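Asker: In my numbering, the protein residues as written are 6 to 218. Cβ coordinates follow ideal geometry from the N, Cα and C atoms, glycine included. Predicted, not measured: the structure shown is a model, and the values here were computed from it. Let me begin by handing over the structure; questions about it come next.
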């Protein structure tokens, strides 16, 4: 999530926002929740959701803005699961999606996302990113299908190598960029905003002399 994400959506032309996103935006504003994903992130999630075949997961529901972008881009029949640790925000988000039985908002620690995996697309936005002290990074080998996609949001675009954070190496970003189970790229979405998009590597059958990604 982004500090000014809710207001960035409010400043956008409503005609450019899917109806479900407008509904989530109204809920976020009513409840004073400022830290939604930005529209640039939402449009990326919308596009990536179209490639999911069965399941999409998200940590950090907030009031449902990112989840609304995902649901608006997902194919018919795809199920979506999102975990929110704050009970009130989980309740608000559940109300936003009350008429969408394919969407489930779960209250609890981010690790509850494991209950419904593995996922074709997993968005780490509220736990499992490895950014904060004590927040262990999620295990893509357990949570992603082979070839599945993972998104880790809200980085400042890197200007060199290694990427830096607060004067030292950005260990969270390096964890994902160098993860042996993933092929990861950094996408610049705005002058001040980047996101990491990873694909779980497809392992060759046992005994094969080569592997493909």
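1. Under a three-way DSSP split, which group does residue 205 fall into?
2. Taking the alpha carbon of residue 85 as the point to measure from, which residue in 96, 97, 105, 32 has its own alpha carbon closest?
3. List the DSSP bridge partners of residue 84.
4. Can you give me the start and stop residues for the beta strand (DSSP E) that residue 157 sits inside?
5. Buried or exposed for residue 188, please, with buried defined as at least 16 other CB atoms from any protein chain shown within 10 angstroms of its CB.
6. Label residue 87 either buried or exposed according to how many other C-beta atoms from any shown protein chain fall within 10 Å of its C-beta, with 16 as the threshold for buried.
7. Between the stretch 41-57 and the stretch 65-84, are three or more C-beta pairs nearer than 8 Å?
8. At the level of alpha carbons, what is the spacing between residue 204 and residue 157?
9. When you compare the stretch 120-133 with the stretch 93-100, are there three or more beta-carbon pairs, one atom per stretch, that lie closer than 8 Å?
10. Less than 6 Å between C-beta atoms, sequence neighbours within five positions excluded: which residues of the same chain meet that for residue 162?
11. Could you have a look at residue 107 and say whether DSSP puts it in helix, strand or coil?
12. In three-state DSSP terms, what is residue 188?
13. Is residue 129 helix, strand or coil by DSSP?
14. How big is the Cα-Cα spacing for residue 169 and residue 139?
15. Does any residue of chain D have a CB that is nearer than 8 Å to the CB of residue 207?
16. Could you name the residues of the same chain whose beta carbon sits closer than 8 Å to that of residue 92, not counting the 5 residues immediately before and after it, in chain order?
Answerer: Taking the definition as stated:
1. Your numbering for residue 205 matches position 200 in the chain shown. Three-state result, residue 205: strand.
2. Taking the first residue of the chain shown as position 1, residue 85 is located at position 80. Ranking 96, 97, 105, 32 by CA distance to the CA of residue 85 puts 105 first.
3. Numbered from 1 along the chain shown, position 79 holds the residue referred to as residue 84. Paired residue(s): 60.
4. In the chain shown, counting from the first residue as 1, residue 157 sits at position 152. Taken as a continuous stretch (DSSP letters only), the beta strand (DSSP E) holding residue 157 covers 149-160.
5. Translated into the one-based positions of the chain shown, residue 188 becomes position 183. When all chains shown are included, residue 188 counts as exposed.
6. Sequence index remark: in the chain shown, residue 87 carries index 82 (1-based). Looking at its Cβ environment, which holds 16 or more other Cβ atoms inside 10 Å, residue 87 is buried.
7. yes
8. Taking the first residue of the chain shown as position 1, residue 204 is located at position 199. Taking the first residue of the chain shown as position 1, residue 157 is located at position 152. Each residue's CA atom was taken as its position, placing residue 204 and residue 157 some 12 Å apart.
9. With the cut-off at 8 Å, the stretch 120-133 and the stretch 93-100 do not touch.
10. Here residue 162 refers to the residue found at position 157 when the chain shown is read from its first residue. So the qualifying residues of the chain are 193, 199.
11. As a working mapping, residue 107 is identified with position 102 in the chain shown. Residue state, collapsed to three classes: coil.
12. Against the chain shown, residue 188 aligns to sequence position 183. DSSP places residue 188 in strand when its eight states are reduced to three.
13. Stepping through the chain shown from its first residue, residue 129 is reached at position 124. If DSSP states are grouped into helix, strand and coil, residue 129 belongs with the strands.
14. Taking the first residue of the chain shown as 1, we reach residue 169 at position 164. Taking the first residue of the chain shown as 1, we reach residue 139 at position 134. One C-alpha to the other measures close to 20 Å.
15. Here there is only one protein chain, and chain D is not present.
16. For this step, residue 92 is matched to residue 87 along the chain shown. Closer than 8 Å at the Cβ level, and outside the excluded window around residue 92, lie 112.
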